[in-house]
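Residues 13 to 332 in the numbering used here are what the sequence shown spells out, letter by letter.
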Amino acid sequence: MHATLELLEKTDFPPLKRARAETLQVNLGYRCNQQCLHCHVNAGPRRKESMSHDTVLAVLDYLRHGDIRTLDITGGAPEMNPHFRELVTQARKMDIHVMDRCNLTILEEPDQAGLAEFLAGHGVEITASLPCYLEENVDRQRGKGVFGASIRALQRLNALGYGQADGALRLNLVYNPQGPVLPPPQASLEQDYKMHLLENYGISFNQLFTLTNMPIQRFGSMLISKGQFEEYMALLRGAFQAQNLDGVMCRRLISVDWQGYVYDCDFNQLLGLPLRYNGQPHTHIGQLTGKSLKGLPVTIRDHCYGCTAGQGSSCGGALK
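Here it is, written out as structure tokens:
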């Protein structure tokens with residue numbers, strides 16, 4: 013796989029400083045039951061990286077002594093980590109809002125019995141990847157049969173009360189472009205998704221998040237292989253919108269990798285660009301208990317243009 017960091021080192025992206033941290037995003041490991049082209053984590057069934065129980069306890073200790081109100085759990089497929097349910101259960105006991113970034117097909121895995129019911133019982137918000145509402149497009153990007161399994165999972169979640177306009181169980185979907193282009197306007201695409209999924213499958217959900225593909229890891233390597241890397245970077249730079257700078261996720265989020273080390277965002281995590289704290293080359297979440305990161309500089313490289321291009325992109329979708 014082609015590395016992209018050396019192509020991103022030189023940048024004129026504006027400097028950023030961190031605001032008060034509101035969200036702790038924890039990557040429980042890179043193992044996944046799927047292997048998708050756009051995945052910036054390069055996750056897949058053969059990956060072995062998985063957060064240990066001791067590190068999960070360090071995350072919980074940080075939450076217990078801080079003012080973080082949202083725990084955003086991601087992977088790979090985070091549910092494949094053996095300590096996933098303990099992390100969710102203990103965080104909810106602290107009255108922390110928990111979001112699970114779920115690929116939907118994990119709900120059908122034989123060793124995940126009762127997972128959907130567990131998530132509903134703990135009031136976990138589900139943000140589920142569904143890169144298109146058409147079967148052919150999804151299966152081409154994610155593998156044969158993935159669309160059908162995703163539809164069955166969504167119907168199961170709806171039956172548990174997820175995705176209802178007036179309900180407490182929130183269900184969001186995530187769209188990624190299939191190529192080196194910016195996502196279409198989020199609001200209009202959301203309406204298309206809602207109409208198609210309701211009319212054809214009886215499925216409802218709360219919000220659609222459109223995410224820009226980052227020129228790193230598997231997607232970045234594909235761009236290099238096809239000679240499209242510079243063209244895509246020119247697209248991102250040319251679509252830069254300064255008004256998106258205040259809303260980028262790195263200002264209010266702490267990203268934690270499977271070993272417990274911290275980053276400004278998960279894109280920096282996968283590029284090996286650690287959060288800069290007290291001049292340390294790497295900082296573990298256990299070292300930040302009770303500490304404030306407000307005012308620290310964000311580590312930036314040229315990929316940061318991906319979050320500020322056009323309507324903007326963050327873990328919560330478009331910024332405007």
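Glycine included, each C-beta is placed from N, C-alpha and C at the ideal position.
All figures in this text were calculated on a predicted structure; none of them were measured in a lab.
Cβ-based burial, His95 [other Cβ within 10 Å; buried from 16]: On the sequence shown, residue 95 is found 83 positions in, with the first residue counted as 1. The residue in question, His95, is buried, as its Cβ has 16 or more Cβ neighbours within 10 Å.
So, using beta-carbon positions, are Gly318 and Met226 closer together than 7 Å? Here residue 318 is taken as the residue at index 306 of the sequence shown, counted from 1. Here residue 226 is taken as the residue at index 214 of the sequence shown, counted from 1. Yes, the Cβ-Cβ distance between Gly318 and Met226 is below 7 Å.
How close, in whole Å, do the beta carbons of Pro293 and Gln240 come, if the pair is a contact with beta carbons under 8 Å? Start at 1 with the first residue of the sequence shown, and residue 293 comes out as number 281. Start at 1 with the first residue of the sequence shown, and residue 240 comes out as number 228. Wrong, their Cβ atoms sit about 33 Å apart, outside the cutoff.
From what residue to what residue does the beta strand (DSSP E) around Glu137 run? Position 125 of the sequence shown, counted from the first residue, corresponds to residue 137. 137-141 is the extent of the beta strand (DSSP E) around Glu137.
Ser325 in three-state terms, based on DSSP: Against the sequence shown, residue 325 aligns to sequence position 313. Three-state DSSP puts Ser325 in coil, outside helix and strand.
Inter-stretch contact (C-beta, 8 Å, three-pair minimum) for the region 192-208 and the region 170-183: no
Can you tell me which of the three DSSP states Tyr275 falls into? Start at 1 with the first residue of the sequence shown, and residue 275 comes out as number 263. If DSSP states are grouped into helix, strand and coil, Tyr275 belongs with the strands.
Measure the C-alpha to C-alpha separation of Ser162 and Cys144 and round it to an integer number of angstroms. As a first step, residue 162 must be located in the sequence shown, where it is residue number 150. As a first step, residue 144 must be located in the sequence shown, where it is residue number 132. Roughly 11 Å between the two C-alpha positions.
Which residue wins for smallest C-alpha separation from Thr23, given the options Gly324, Lys332, His315? What you label residue 23 is simply residue 11 of the sequence shown in a count that begins at 1. Of the candidates Gly324, Lys332, His315, the one whose C-alpha sits nearest the C-alpha of Thr23 is His315.
When the Cβ atoms of the region 127-145 are set against those of the region 195-211, are three or more pairs found closer than 8 Å? yes
Assign Ser237 to one of three DSSP states: helix, strand, or coil. Here residue 237 refers to the residue found at position 225 when the sequence shown is read from its first residue. In this structure, Ser237 counts as helix in the three-state DSSP scheme.
Under 7 Å between the Cβ atoms of Leu83 and Ile118? Position 71 of the sequence shown, counted from the start, is the residue given in the question as residue 83. Position 106 of the sequence shown, counted from the start, is the residue given in the question as residue 118. It is not a contact, given that the beta carbons lie outside the stated cut-off.
Leu265: buried (16+ other C-beta within 10 angstroms of its C-beta) or exposed? As a first step, residue 265 must be located in the sequence shown, where it is residue number 253. Classification of Leu265: buried, given that the 10 Å Cβ count is 16 or more.
Here's a check: name, in chain order, each residue in its chain whose Cβ is nearer than 6 Å to the Cβ of Gly232, leaving out the five neighbours to either side. Locating residue 232 in the sequence shown gives position 220, counting from the first residue. Around Gly232: Thr16.
Using the beta-carbon count (16 or more within 10 Å), is Ala246 buried or exposed? Residue 246 sits at position 234 when you count from the first residue of the sequence shown. Classification of Ala246: exposed, given that the 10 Å Cβ count is below 16.
Quick check on DSSP: helix, strand or coil for Cys114? Within the sequence shown, the letter at position 102 stands for residue 114. If DSSP states are grouped into helix, strand and coil, Cys114 belongs with the strands.
Local conformation of Gly41 per DSSP, three classes: Within the sequence shown, numbered from 1, the residue matching residue 41 stands at position 29. Three-state result, Gly41: strand.
Would you kindly work out how many angstroms separate the C-alpha atoms of Arg32 and Asn184, rounded to a whole number? Translated into the one-based positions of the sequence shown, residue 32 becomes position 20. Translated into the one-based positions of the sequence shown, residue 184 becomes position 172. The straight-line gap from Cα to Cα measures roughly 25 Å.
So, using beta-carbon positions, are Thr301 and His65 closer together than 7 Å? By one-based count along the sequence shown, residue 301 stands at place 289. By one-based count along the sequence shown, residue 65 stands at place 53. Their beta carbons are not under 7 Å apart, which means Thr301 does not touch His65 by this criterion.
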